[in-house]
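Student:
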Amino acid sequence: MPITLLSSKQEQLHPCDQYTQLKRRFRDVGRLEAIGEILGRDFLTAMPDGAYRSRLNQIAYLYRRIHQDIINAEVRNLLDKALIHEDNHSADWDDWDRANLRAMAAVYDDHSLIDDDLMEHNAKVANEGRRCHRLAFENHDWDMARDHLRRVVDIERRVAEKKLKARGGEDLYDALLQDYCPGFSHSTIDKWFTGLEGEIKGLLPRIMERQSLSPEPIQLVDRYPADSQMWLNEEVLGLFGFDFERGGLYQTGHNPVEGGTPDDTRLVIKTVDTNNFLDSLKSVMHEAGHGLYIQGLPRKSWRYQPVAADLGSAMQESQALLVEMLIGRTHEFFEFLSPRLEGLFQTMRDPTLHPDNLCGIKTHVRTTVDRKRADEVTYFLHVLLRYRIERDLIEGRVEVDQLPELWTESSYDLLGIAPQDHGEGVLQDVHWFVAKFGYFPSYTLGHMMGAQFYKTMRQDLPDFFGLIKRGDFLPITAWLNKYVHSRGRLMNTDELMRDVTGKGPSPEFLISHFKERYLGEEIT
């Protein structure tokens with residue numbers, strides 16, 4: 000049977016009729032998931048408070064419906080026949096079709112582990128968590144947070160038990176970890192994190208001694224109007240090639256969130272602080288990395304198909320941290336930004352806005368209780384704290400009631416500083432409230448892979464730092480799109496890293512980056 004070319008690979012007929020049927024079914028699932036993404040963005044930004052309860056039920060039902068469409072018995076039958084066809088007629092299958100079929104099977108297998116009721120309940124509790132976290136954080140209300148977290152941890156343990164029993168793994172936590180960091184085992188992460196902890200604790204005294212030889216940067220003290228900040232944020236997004244015809248930038252009273260679809264990429268940041276434009280800019284740079292990845296996915300050929308999805312949270316964070324921390328904290332970036340800030344904020348020769356000072360603020364290394372304001376080096380210690388606590392929570396070695404005390408002890412042990420209240424401690428992150436157990440390691444894995452891409456990109460783009468200094472970020476985005484974004488799930492993470500950088504994921508590149516940026520050592 001000849002292949003008939005229609006509008007895209009998604010609509011293209013295939014010699015395997017069962018695979019053609021699967022593409023149509025997953026196209027419809029993808030459409031429903033896109034609706035869910037937009038409902039979620041509206042939930043965070045424009046939704047009136049009075050719609051809260053009904054919106055929760057709408058979102059929960061939608062995810063139940065998606066789940067039912069995926070685990071339909073006919074889908075299993077089609078998958079089995081398509082897999083047999085692939086084995087017997089390999090010439091009919093190109094790399095993209097093979098990858099798409101594998102991704103379909105993986106989606107089916109993941110969903111088949113959870114029943115309809117648990118899927119709907121989990122979706123509802125996760126979305127309730129955003130509001131619960133905001134209220135608990137604003138009011139320092141540990142009692143409210145504790146009651147919600149007990150429910151979430153109970154659900155996540157049940158989910159982990161089902162996943163571990165069905166697909167194996169090292170332990171309950173490993174079963175959840177695979178949802179966010181596919182291909183990275185618990186034991187491998189433990190090994191890498193133990194090594195990183197030793198390396199970073201060895202680097203910190205040297206870095207602090209070196210920076211003590213220079214004056215401390217002047218902190219921002221002026222007032223920076225919200226509309227001016229948002230103008231700046233949108234301009235920076237545009238310089239990186241973010242397509243505002245297919246997306247936008249919004250503020251929320253909740254926490255920032257990654258996501259959206261390639262056709263409707265609504266980046267959401269926390270409401271700007273008029274006393275500190277760098278916080279807002281940092282958040283936008285981070286979400287820019289996510290947004291560029293989403294917009295660069297292979298939507299024209301594979302819209303709504305599993306192969307057109309990203310490679311998971313770790314790869315997502317590699318893109319976000321590459322833009323925010325590795326590119327957005329170079330001296331060249333602030334050389335480009337500084338003169339434009341003086342015009343925007345109507346100030347002349349303000350030493351606070353000098354590139355040396357701005358770069359100094361963003362690269363000054365010191366411990367803090369706040370993960371979101373942590374410097375690039377100690378950021379890992381914040382991730383390590385959360386990783387160890389959430390691992391023990393899921394494994395039952397720790398209970399929710401112990402969290403505030405354990406958080407304070409762990410913070411002091413790792414960072415030498417303790418939170419003064421719950422807002423500085425256990426309530427500062429939204430992740431556990433929305434059932435994202437296993438997500439935190441993706442920040443460090445992403446930082447590692449971002450440093451790996453950063454090194455390779457610098458080799459491939461000889462005028463790399465000149466591009467940044469001129470604000471010409473499009474060649475950087477084009478490189479990322481070619482080697483990462485446009486490939487979707489054509490390869491797994493390890494294969495992609497080896498193809499692009501010549502080596503699988505490794506913490507050595509992150510340590511080399513720290514030594515270069517903060518100690519002046521050359522990367523070889």
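Following numbering that gives the first Met the number 0, the numbering of the sequence shown begins with 0 at its first residue and continues without gaps.
Backbone N, C-alpha and C fix where the C-beta goes; we use that ideal spot for every residue, glycine too.
Which whole runs of the alpha helix (DSSP H) in the stretch 425 to 456 are 4 residues long or more, in chain order?
Tutor: none
Student: What would DSSP say about Y249, mapped onto helix, strand or coil?
Tutor: strand
Student: Give a yes or no on whether the C-beta atoms belonging to G311 and P181 are separated by under 8 angstroms.
Tutor: yes
Student: Taking a contact to mean a Cβ-Cβ separation below 8 angstroms, would you say F439 touches L321 in this structure?
Tutor: no
Student: In chain order, what residues of the same chain have a beta carbon less than 6 angstroms from the beta carbon of T3, not counting five sequence neighbours either side?
Tutor: Note that T3 scores 40 on pLDDT, short of 50, meaning its location in the model is unreliable and no value can be drawn from it.
Student: Would you call R129 buried or exposed, if buried means 16 or more other Cβ atoms sit within 10 Å of its Cβ?
Tutor: buried
Student: Is the beta carbon of S279 sitting closer than 8 angstroms to the one on I268?
Tutor: It is a contact, given that the beta carbons lie within the stated cut-off.
Student: Do Y18 and I70 have their C-beta atoms closer together than 8 angstroms?
Tutor: no
Student: Three-state secondary structure (DSSP) at T320?
Tutor: Sequence inspection shows Leu at residue 320; the Thr mentioned does not correspond to that position. L320 falls in the helix class under three-state DSSP.
Student: Quick check on the DSSP output: what are the complete alpha helix (DSSP H) runs of length 4 or more inside the stretch 266 to 296, in order along the chain?
Tutor: 276 to 295
Student: State yes or no: is the C-beta of L518 within less than 8 angstroms of the C-beta of R328?
Tutor: no
Student: Use the C-beta contact count for N121: other C-beta atoms within 10 angstroms, 16 or more gives buried, fewer gives exposed.
Tutor: buried
Student: Among the residues of its own chain, which have a CB less than 6 angstroms from the CB of I360, if the five just before and after it don't count?
Tutor: P216
Student: Just the C-alpha distance for V399 and D140, rounded to the nearest angstrom, thanks.
Tutor: 14 angstroms
Student: Going by alpha carbons, who is nearest to T270 out of L38, A90 and M229?
Tutor: M229
Student: So what's T264 in DSSP terms, helix, strand or just coil?
Tutor: It is a strand residue.
Student: Rounded to the nearest angstrom, how far is the Cβ of F25 from that of M118, given a contact under 8 angstroms?
Tutor: Going by Cβ atoms, the distance from F25 to M118 rounds to 17 angstroms, so no, they are not a contact pair.
Student: How big is the Cα-Cα spacing for M324 and G288?
Tutor: One C-alpha to the other measures close to 10 angstroms.
Student: Taking the C-alpha atoms as reference points, what is the distance between L473 and L171?
Tutor: 42 angstroms
Student: Judging by CA-CA distance, which residue of D146, A50 and P338 is the nearest neighbour of L231?
Tutor: When only C-alpha atoms are compared, the closest one is P338.
Student: Could you tell me whether the Cβ atoms of R486 and L495 are closer together than 8 angstroms?
Tutor: yes
Student: Give me the Cα-Cα distance between S211 and T264, rounded to the nearest whole angstrom.
Tutor: 42 angstroms
Student: Classify D116 as buried or exposed, calling it buried when 16 or more other Cβ atoms lie within 10 Å of its own Cβ.
Tutor: exposed
Student: So which of H66, L352 and F379 has the shortest CA-CA distance to F335?
Tutor: L352
Student: What did DSSP end up calling V364 once you bin it into helix, strand or coil?
Tutor: coil
Student: Under 6 angstroms Cβ to Cβ from M0, same chain only, skipping five residues before and after it: list those, please.
Tutor: Interpretation of M0 is limited by its pLDDT of 35, a score under 50 that renders its predicted location unreliable; no figure is taken from the coordinates.
Student: Compare the C-alpha of L55 against each of P204, G39 and I154 and name the closest.
Tutor: G39
Student: Using CA atoms only, rank isn't needed, just tell me which of A135, F42, A307 and A45 is closest to R97.
Tutor: A307
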